[in-house]
Structures are given as C-alpha cells and as structure tokens.
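Count along the sequence shown starting at 1, add 11, and that's the number in our numbering.
Where is the CB? At the ideal position from N, CA and C, for every residue including glycine.
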Amino acid sequence: MARARGPDESRRDVLRSLGVFAGAAASLVLPSESAAAAPTIAVPGKLPRRALGKTGVEVSILALGGYHLGVLKDEDEAKRVVHASIDAGMTFFDNAWEYHDGKSEEWLGKALVGKRQQAFVMTKVCTHGRGRAEAMKQLEQSLKRLRTDHLDLWQVHEVIYDDDPDRHYATEGVLEGVALAKKQGKARFVGFTGHKDPSLLLAMIDKGFPFDTLQMPLNVFDASFRSFEQKVLPRARERGLGVLGMKALSGGGEAVKAGVISPEEALRYTLSLPVASVVSGIDSVHVLEQNLRIARELKPMTKEEMTSLRERMRKHARDGRYELYKSTTGYDGKPGREQHGLGGAEE
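Shown next as structure tokens:
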C-alpha cells in the first residue's frame with residue numbers, strides 16, 4: 012500500500028507541474044513590443060518581478076489576495092496555499108485589517124512563521140473616516156495578527172466615498188497615523204486603495220501626501236467604463252507611484268464564468284499595463300496553479316493585441332455589468348458602509 016503524501020510533497024508536485032524547478036538564466040525582459048508593460052525581471056525557475064515604483068524594492072508580478080485567503084476551507088489549506096506561493100517565487104502578500112474580522116491576517120501570519128524574510132507583507136488600515144488614534148490601534152492589531160514587527164506596505168483601504176479624501180487629509184486624520192507609522196519604522200512604505208470612482212483616487216494623489224503606492228481595478232472591461240486605466244494610471248505614473256492592479260478578472264470572475272473572456276486573456280491584459288504587481292484572489296489550488304502558470308509564461312501583449320481585446324470586450328463592458336464594484340455596494344466592506352451610515356450591502 013502506497014504511503015500518503017505529506018503536504019510538502021503535494022506542494023512540490025504542484026510546483027513541478029508548473030515548471031517551477033526548471034532552470035533559466037536571469038534576464039531583463041523589456042516591453043519593446045508591448046503597449047506599456049513595466050520592465051520585468053526574470054528569476055530562474057520563479058515568478059518574474061518588477062520594481063515597485065520608486066521604493067527600490069522588486070516584487071513578484073503576482074500577489075496573493077488576502078480576502079480570498081480567508082475563505083479557504085481552514086487554516087491548514089491557507090498555509091498550503093501560502094507556502095506553495097512562496098515556493099513558486101511569489102513575494103507579495105495582500106491583506107486588510109477588516110478581512111473576515113481579522114482571520115485573513117491571522118492565517119497569513121501563522122503561514123509566514125519561519126518565512127517572513129521571503130515575504131513582502133502588505134495590509135490595509137480600515138478607519139473609513141476615523142482618525143489617527145484608530146489607525147494606530149489597528150496597526151498594532153495587524154502587527155500582532157501577522158506576527159511581525161513591521162509592515163512592508165500599509166495602505167489606506169477603500170477610498171470610495173465622496174468625502175473620503177477630505178476625511179483622510181483632515182487634522183488628526185488617518186494620514187497622520189500613516190506618516191507616523193512610517194517614521195517609526197512600523198511601515199516601510201505607504202499607499203491607498205479604491206475601486207469605485209477614479210476622481211476620488213485623483214483627489215488623493217493631488218492633495219499631495221507622499222504615497223509610495225496605489226491599488227486600483229485594472230482590467231480590460233475597465234478600459235470602457237469609468238476607467239481607472241484611462242484617468243488615474245497616467246497620473247500615478249507621473250508621480251512615480253508603484254501601481255498595484257486588482258480585479259483583473261473583473262472582481263468575482265463573472266466574465267470568465269460566462270465564457271466572455273479567458274483567464275489568460277484577462278491576466279495578460281492587466282500584466283501588460285505598467286503595473287508592479289497584480290493582486291489576485293486565490294480560492295483554490297486550481298486557481299493558484301492557473302494564475303502562477305499564466306504569470307510565469309507571461310508575454311506582454313502588443314498595443315495591437317490590447318486594442319483588439321478592448322474592442323472585442325467593449326460590448327460587454329460599456330454598461331459595467333462585469334464591474335459591479337463601481338456601481339453597487341456589494342463589493343464594499345461592511346465597516347466602511349456602517350461608518351458612513353449606509354447599513355448592509357446590496358444583494
């Protein structure tokens with residue numbers, strides 16, 4: 012009777028199936044024929060990397076999304092996914108203080124025991140208009156859950172309400188806490204996120220805080236509907252921000268499920284933009300294998316390929332049907348809705 016394979020052996024099998032152990036010479040892949048993809052550093056047998064804005068840090072072009080980490084079956088499965096990701100060369104791990112009431116941070120922290128030096132850990136502060144004191148309280152809770160003495164990146168979560176920029180920049184606002192955390196060395200770099208309205212992200216940039224990063228939806232559907240790519244990405248590049256893409260598969264992957272677009276097309280499009288990394292929701296080993304393969308085999312699209320894909324998707328994109336996070340509250344965090352007096356999410 013054959014013995015049962017341990018988790019490390021199973022993880023190695025997954026990685027072998029992806030070709031992770033294949034040798035390759037490190038090289039710089041320049042986007043000479045792509046539309047605007049960032050220069051990509053090839054790493055032997057691992058995920059490629061890109062520069063994170065002006066930080067001087069290189070991160071894997073794929074990041075493990077923290078929200079979906081918390082929906083995995085249990086802590087052991089989360090640990091297997093994190094370890095397999097690290098073994099494949101993923102260095103960037105996303106999270107947020109409010110994800111699953113802290114479970115996502117706790118599971119990531121436990122999975123990174125003994126592996127912290129291999130990980131670029133990002134989490135988000137979720138004050139939603141509350142100020143510096145609440146931010147610093149959340150920071151200490153996040154550090155404890157993540158089992159670390161510092162964050163590599165701390166971002167203001169969900170800039171999605173009209174008054175958010177003014178609230179965040181107010182005296183005693185969250186940005187005072189963000190600046191203090193960076194000064195204290197508890198956050199190496201700082202940024203912000205938003206998925207609702209490009210004008211709000213532009214306001215955050217233009218008010219002048221020295222952010223290092225910006226995380227926003229970037230996908231082929233976005234190009235035709237309230238577009239972050241068209242309106243925010245150029246400004247972010249001008250300011251030298253490290254751009255993090257999210258919702259490459261349009262949120263919950265509805266367009267993929269409907270057969271409108273393939274995962275390869277969707278991820279390739281976003282990775283062909285000038286982004287440092289794409290935060291990807293991984294809710295199964297199958298999705299992990301799929302996304303790692305696409306990222307490892309990435310050949311940035313040419314301008315012509317991107318234009319062709321945008322045109323093909325336009326009829327599916329113009330009404331926002333696959334980007335409901337821009338027009339409904341279904342993708343908005345509960346703490347933020349409550350803080351703004353909006354109650355529960357739309358179904």
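With residue i as the anchor, note down where its alpha helix (DSSP H) starts and where it stops.
| i | result |
| --- | --- |
| P245 | L244 to E249 |
| V413 | Residue 413 cannot be examined here, being either before or after the span of the chain that is shown, 12 to 358. |
| E315 | K314 to A328 |
| R348 | K345 to Q350 |
| I305 | V296 to R307 |
| S338 | Premise fails: S338 is in no alpha helix (DSSP H) and is neither H nor E. |
| V267 | E265 to K268 |
| H111 | That residue, H111, is in no alpha helix (DSSP H); it is neither H nor E in DSSP. |
| E275 | P274 to L282 |
| R127 | Per DSSP, R127 belongs to no alpha helix (DSSP H) and is neither H nor E. |
| K155 | R143 to L157 |
| R332 | Element bounds for R332: n/a, residue is neither H nor E. |
| D177 | D175 to Y180 |
Is residue i close to chain D? Criterion is C-beta to C-beta, closer than 8 Å.
| i | result |
| --- | --- |
| L320 | Absent here is chain D; the protein component of the structure consists of one chain. |
Sort out for me which residues DSSP pairs residue i with in a bridge.
| i | result |
| --- | --- |
| K135 | Q166 |
| F239 | Partner(s): none; F239 has no beta bridge. |
| E69 | A62 |
| S291 | L75 |
| M215 | Answer is none; M215 lacks a bridge partner. |
| T204 | Q226 |
| A198 | L162 |
Which residues mark the beginning and the end of the beta strand (DSSP E) in which residue i is found?
| i | result |
| --- | --- |
| A53 | T51 to A53 |
| P228 | T224 to P228 |
| M101 | Unbroken run through M101: none, as it is neither H nor E. |
| R60 | R60 to A62 |
| V254 | G253 to M257 |
Within this structure, are the beta carbons of residue i and residue j separated by less than 8 Å?
| i | j | result |
| --- | --- | --- |
| S283 | M257 | no |
| L229 | F203 | no |
| A146 | V189 | yes |
| D160 | V132 | no |
| V170 | L213 | no |
| C137 | H168 | yes |
| R143 | E183 | yes |
| K218 | P176 | yes |
| A259 | L278 | yes |
| H107 | K148 | Strictly speaking, residue 107 in this sequence is Ala, with His absent from that position. No, they are not a contact pair. |
| Y333 | E240 | no |
| E109 | P346 | yes |
| I97 | Q129 | yes |
Round the Cβ separation of residue i and residue j to the nearest angstrom and send it over; I've been treating them as touching at under 8 Å.
| i | j | result |
| --- | --- | --- |
| H111 | G81 | 4 Å |
| I216 | R250 | 6 Å |
| G344 | L335 | Contact doesn't hold; Cβ gap of about 15 Å is too wide. |
| V231 | I272 | 7 Å |
| R156 | G120 | 5 Å |
Keeping to the same chain, check which residues put their C-beta closer than 8 Å to that of residue i; ignore five residues upstream and five downstream.
| i | result |
| --- | --- |
| E275 | I305 |
| K337 | H206, K207, D208, P228, F236, R237 and G331 |
| R248 | V254 and P285 |
| D223 | L63, G64, K65, T66, L164, F200, V201, G202, L252 and G253 |
| A37 | Low local confidence applies: a pLDDT of 38 at A37 is under 50, so the model's placement there is unreliable, with the coordinate-based value given in what follows. Once the five neighbours on either side are set aside, the close Cβ partners of A37 are I52, A53, V54 and P55. |
| N302 | L73, P274, L278, S291 and I293 |
| V296 | V25, R91, V92 and A95 |
Apart from the five residues on each side of it in sequence, which residues of its chain come closer than 6 Å, Cβ to Cβ, to residue i?
| i | result |
| --- | --- |
| A74 | F103, D105, S288 and V290 |
| H351 | Y172 |
| A49 | R61 and P285 |
| A198 | L162, W165 and A192 |
| R325 | S235 |
| H327 | V271 |
| F220 | L186 |
| L309 | L282 |
Who are the near neighbours of residue i in its chain, counting only those whose CB is closer than 7 Å to its CB and skipping five residues on each side?
| i | result |
| --- | --- |
| S45 | Because S45 carries a pLDDT of 42, less than 50, the predicted location of this residue cannot be relied on, and the following value inherits that uncertainty. Taken in chain order, the residues that qualify are S283, P311, M312 and T313. |
| V124 | R158 |
| A122 | A89, K90, V93 and H94 |
| S71 | L58, R60, G100, M101, T102, F103 and S288 |
| L280 | A small correction: the amino acid at residue 280 is Tyr; Leu does not occupy that position in the sequence shown. Closer than 7 Å at the Cβ level, and outside the excluded window around Y280, lie N230, V231, M312, M317 and L320. |
| R246 | L213 and I216 |
| R329 | S235 and F236 |
| S261 | N230, F232, Y333 and E334 |
| K268 | none |
| K126 | I97 |
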